[in-house]
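Read the structure below first, then the notes.
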């Protein structure tokens, strides 16, 4: 048995955007996102590698575009019609993100339309909302369950079980609480596989409080000198976190410099945050009885006409990586002044202006239509809602899965983290490239109980310093396997006399194709010769198509007759087959015979 993981991620980061997992014969698509570094079809995963009709369900972990941006394309263009699951906040906020993306990329930038606004509505109408720790029975063999992931409001880790195989896909998560969200929470589960994001695979952050102090100091210094602060951020998540921080600081320090939200999506998203208090941190829930912490006293809307207005200010503008949109428009105006500050609060994908600014002292940025002289201050903040390498290691150690696959990261950093997981935790780890399939072997654990009589025999029958007790393993459909004594077995099956000797085992083995042309009697003689090398001083009874030894019978099957017991699933139709049977008293000797038969390929 094995779990198959097909990495469908778009762009350069391994496994970002989309992963398809085949578990227990069921295929689950985890997230259906896009790569924000591209503005054409390359932004989407390569859906030609899968058949939409084979997908049992799609599960979206949160509303960020790199996890949901391609979903309308997959459902309305590729034709996926199966169930789609996401949490209630994700279903509420995802349409805002998708429509805003469509407006920027198609209406404003005139790029090719990958899906329409009607496609977005049709797609979201198919979504089934789920709650944290709610177990969903997708079908009779597959169930999923969501766990709180932190990161952004509504983000979830997903547990999946199909048959005996189990796994967790983390999506993006945060192992430390912040001002408006709690830390990720998950039960201690027995897992065959953990797929974890690895955005910050090699980063260990300072304390949250020292990062907040650093950010507030940089902002205060800039506005005190009359400068403007641009904070490019996605509308959902970090914007709310930093607004809570700044609003509280402005109140304590009695600062009157205006803090602005860019109009539109951010204000609309904030309205939803007010309604989704139940998904925030415990501190926010408790303070909500006094006042809604998302009713910011010092934050107000911003209009385009105010870009070149005199005086200091703080502006939150989307998108967060300066890859286009209003934040890039403001950057073009403010970057040439050394009084101003660009504060980048999170991760930026390669190819975006934000990434260029974070990579070093960039004095000039080349855009499609112009060059921007960058004289402003650049301040990189560690406010990303992703967990760091310590958080990843803590989660892997807590869950202790049998295997780990790293996704949503950069190869060099993932290689370093893989080495740590294997050396420090002793857990096999890999990070398959985009469009590769990883096979994760799994074992089926069977719970076996023992009868009181069998346990009593184990204690009482002593041979030297070993305790030995013979018993019989009973496996009945729908019940736990059970060890019983011979007497109990006899009562169970209604057999008198020696019950053990009435138990017969059977197995059918296929020989290699080159044996098809060998005469039956010649094959029997060859088999007898090999058996006598391993089992000496025993008398074999040999006929034209059969060998017998005690209760062991090995008979050659006709090619056109199918055996009813234990035939190899991989046996080819034209192969020669041997039907073997034996009683339990000769089980040890029968195993030797089977081993000889399986090695016949090298001797015939």
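In my numbering, the protein residues as written are 234 to 837. Beta carbons are placed, not taken as given, at the ideal position from N, Cα and C, and that holds for glycine.
inquiry  = Looking at residue 266: is its Cβ nearer than 8 Å to the Cβ of residue 312?
reply    = Numbered from 1 along the chain shown, position 33 holds the residue referred to as residue 266. Numbered from 1 along the chain shown, position 79 holds the residue referred to as residue 312. The criterion of a C-beta distance shorter than 8 Å is not satisfied by residue 266 and residue 312.
query = Should residue 319 be labelled buried (16 or more other beta-carbon atoms within 10 Å of its own) or exposed?
reply = Locating residue 319 in the chain shown gives position 86, where the first residue counts as 1. Buried is the call here.
query = In angstroms, rounded to a whole number, what distance separates the CA positions of residue 429 and residue 255?
reply = Taking the chain shown and counting its residues from 1, one reaches residue 429 at position 196. Taking the chain shown and counting its residues from 1, one reaches residue 255 at position 22. Rounded to the nearest angstrom, the two C-alpha atoms are 17 Å apart.
message = I'd like to check one pair, residue 348 with residue 316: are the Cβ atoms closer than 8 Å?
response = Translated into positions along the chain shown, residue 316 becomes position 83. Translated into positions along the chain shown, residue 348 becomes position 115. Cβ atoms of residue 316 and residue 348: not closer than 8 Å.
inquiry  = Whole angstroms are fine: how far does the CA of residue 451 sit from the CA of residue 608?
reply    = Indexing the chain shown from 1 puts residue 608 at position 375. Indexing the chain shown from 1 puts residue 451 at position 218. If you take the alpha carbons of residue 608 and residue 451, they lie about 16 Å apart.
ask   = What residues match up with residue 550 in a beta bridge as DSSP calls it?
value = Translated into positions along the chain shown, residue 550 becomes position 317. Answer is 465, bridged to residue 550.
inquiry  = Could you tell me the alpha carbon to alpha carbon distance between residue 457 and residue 572, rounded to whole angstroms?
reply    = Within the chain shown, numbered from 1, the residue matching residue 457 stands at position 224. Within the chain shown, numbered from 1, the residue matching residue 572 stands at position 339. Whole-angstrom Cα-Cα distance: 10 Å.
ask   = Any idea if residue 795 is buried or exposed, counting beta-carbon neighbours within 10 angstroms, 16 or more meaning buried?
value = For the purposes of this step, residue 795 is identified with residue 562 of the chain shown, where counting begins at 1. Low confidence applies here, because residue 795 scores a pLDDT of 47, under 50, leaving its location unreliable; read the following figure in that light. By the neighbour-count criterion, in which a residue is buried when 16 or more other Cβ atoms sit within 10 angstroms of its Cβ, residue 795 is exposed.
query = From which residue to which residue does the alpha helix (DSSP H) around residue 822 run?
reply = For the purposes of this step, residue 822 is taken as residue 589 along the chain shown, with counting starting at 1. Under the DSSP assignment, residue 822 falls in the alpha helix (DSSP H) whose first and last residues are 820-831.
request  = Consult DSSP for residue 784 and reduce its assignment to one of helix, strand or coil.
outcome  = Your numbering for residue 784 matches position 551 in the chain shown. In the structure shown, residue 784 adopts coil according to DSSP, grouped into three states.
query = Which ranges would you report for the alpha helix (DSSP H) in the region 317-396 if only whole runs of at least 4 residues count?
reply = For the region 317-396, the continuous alpha helix (DSSP H) assignments of 4+ residues that do not extend past its boundaries occur at 321-335, 350-358, in sequence order.
key: Secondary structure of residue 419, DSSP reduced to three states   = Mapped onto the chain shown, residue 419 falls at position 186. In the structure shown, the three-state DSSP call for residue 419 is coil.
ask   = Helix, strand or coil: which one does DSSP assign to residue 544?
value = Walking along the chain shown from the start, residue 544 turns up at place 311. For residue 544, the three-state secondary structure derived from DSSP is coil.
task = Can you have a look at residue 651 and say buried or exposed, based on whether 16 or more other CB atoms are within 10 angstroms of its CB?
result = Along the chain shown, read from residue 1 onward, the residue named residue 651 stands at position 418. With 16 or more other CB atoms across the displayed protein chains lying within 10 angstroms of its CB, residue 651 is buried.
ask   = From the DSSP output, which residues share a beta bridge with residue 427?
value = In the chain shown, counting from the first residue as 1, residue 427 sits at position 194. Residue pairing from DSSP places residue 427 in a beta bridge opposite 401, 637.
ask   = Under three-state DSSP, which class holds residue 285?
value = The count along the chain shown starts at 1 and reaches residue 285 at position 52. Reduced to three states, the DSSP call for residue 285 is helix.
ask   = Just curious, the beta strand (DSSP E) that residue 611 is in, first and last residue?
value = Position 378 of the chain shown, counted from the start, is the residue given in the question as residue 611. Segment 610-613, the beta strand (DSSP E) holding residue 611.
task = Mind checking who residue 259 pairs with in its DSSP beta bridge?
result = In the chain shown, counting from the first residue as 1, residue 259 sits at position 26. According to DSSP, which records beta bridges pairwise, residue 259 is partnered with 256.
Whole-angstrom distance between residue 763 and residue 773, CA atom to CA atom = Stepping through the chain shown from its first residue, residue 773 is reached at position 540. Stepping through the chain shown from its first residue, residue 763 is reached at position 530. Cα-Cα distance, rounded: 12 Å.
task = Note down, in chain order, each residue of its chain lying with its Cβ closer than 7 Å to the Cβ of residue 529, except the 5 sequence neighbours on either side.
result = Here residue 529 refers to the residue found at position 296 of the chain shown. The residues are 476, 480.
task = Under the assumption that residue 295 contacts residue 384 (Cβ atoms under 8 Å), give the Cβ distance between them as a whole number of angstroms.
result = As a working note, residue 295 is residue 62 in the chain shown. As a working note, residue 384 is residue 151 in the chain shown. Correct: roughly 6 Å between the Cβ atoms.
inquiry  = Suppose you measure from the CA of residue 281 to the CA of residue 644; what does that come to, to the nearest Å?
reply    = Numbered from 1 along the chain shown, position 48 holds the residue referred to as residue 281. Numbered from 1 along the chain shown, position 411 holds the residue referred to as residue 644. Looking at the two C-alpha atoms, the distance is approximately 24 Å.
request  = Indicate whether residue 441 and residue 409 have their beta-carbon atoms separated by less than 8 Å.
outcome  = Taking the chain shown and counting its residues from 1, the one referred to as residue 441 is at position 208. Taking the chain shown and counting its residues from 1, the one referred to as residue 409 is at position 176. It is a contact, given that the beta carbons lie within the stated cut-off.
task = Report the partner residues of residue 887 according to the DSSP bridge assignment.
result = The requested residue 887 does not occur in the structure, where the chain is confined to residues 234 to 837.
Nearest neighbour of residue 709, chosen from 686, 687, 630, 682 [CA to CA] = Counting from one through the chain shown, the residue named residue 709 turns up at place 476. The shortest Cα separation from residue 709 among 686, 687, 630, 682 belongs to 682.
query = residue 622 and residue 437 look like a contact to me (Cβ under 8 Å); what is the Cβ gap, rounded to whole Å?
reply = Along the chain shown, one-based indexing puts residue 622 at 389. Along the chain shown, one-based indexing puts residue 437 at 204. Rounded, the Cβ-Cβ distance is 6 Å, consistent with contact.
message = Can you tell me whether residue 656 is buried or exposed? The criterion is at least 16 other CB atoms within 10 Å of its CB, across all chains shown.
response = Position 423 of the chain shown, counted from the start, is the residue given in the question as residue 656. Answer is exposed; the Cβ neighbour count stays below 16.
key: When 703, 827, 712, 669 are compared against residue 741, the one with the closest alpha-carbon   = The residue given as residue 741 occupies position 508 in the chain shown. It is 827.
ask   = Can you pull the DSSP bridge partners for residue 642?
value = Numbered from 1 along the chain shown, position 409 holds the residue referred to as residue 642. In the DSSP output, where bridge partners are listed per residue, residue 642 has 247.
ask   = In whole angstroms, what is the alpha-carbon distance linking residue 238 and residue 449?
value = Within the chain shown, residue 238 is the residue found at index 5, counting from 1. Within the chain shown, residue 449 is the residue found at index 216, counting from 1. Residue 238 and residue 449: Cα-Cα distance of roughly 43 Å.
inquiry  = Going by the DSSP bridge assignment, what does residue 760 pair with across the sheet?
reply    = Taking the first residue of the chain shown as position 1, residue 760 is located at position 527. As DSSP reads the structure, residue 760 sits in no beta bridge.
message = With distance defined between alpha-carbon atoms, name the residue in 809, 824, 810 nearest to residue 816.
response = Position 583 of the chain shown holds residue 816. Nearest C-alpha to residue 816: 824.
task = Determine the direct distance from the alpha carbon of residue 406 to that of residue 243, and round the result to whole angstroms.
result = Within the chain shown, numbered from 1, the residue matching residue 243 stands at position 10. Within the chain shown, numbered from 1, the residue matching residue 406 stands at position 173. Rounded to the nearest angstrom, the two C-alpha atoms are 20 Å apart.
request  = Indicate the three-state DSSP secondary structure (helix, strand or coil) for residue 295 in the structure shown.
outcome  = Numbered from its first residue, the chain shown carries residue 295 at position 62. Residue 295 falls in the coil class under three-state DSSP.
query = Could you check where the alpha helix (DSSP H) with residue 307 kicks off and where it finishes?
reply = Taking the first residue of the chain shown as 1, we reach residue 307 at position 74. Bounds of any alpha helix (DSSP H) do not take in residue 307, whose DSSP letter is neither H nor E.
message = Let's see if you can read the secondary structure: which residues bound the beta strand (DSSP E) around residue 237?
response = Taking the chain shown and counting its residues from 1, the one referred to as residue 237 is at position 4. Run containing residue 237: 235-240, per the beta strand (DSSP E) assignment.
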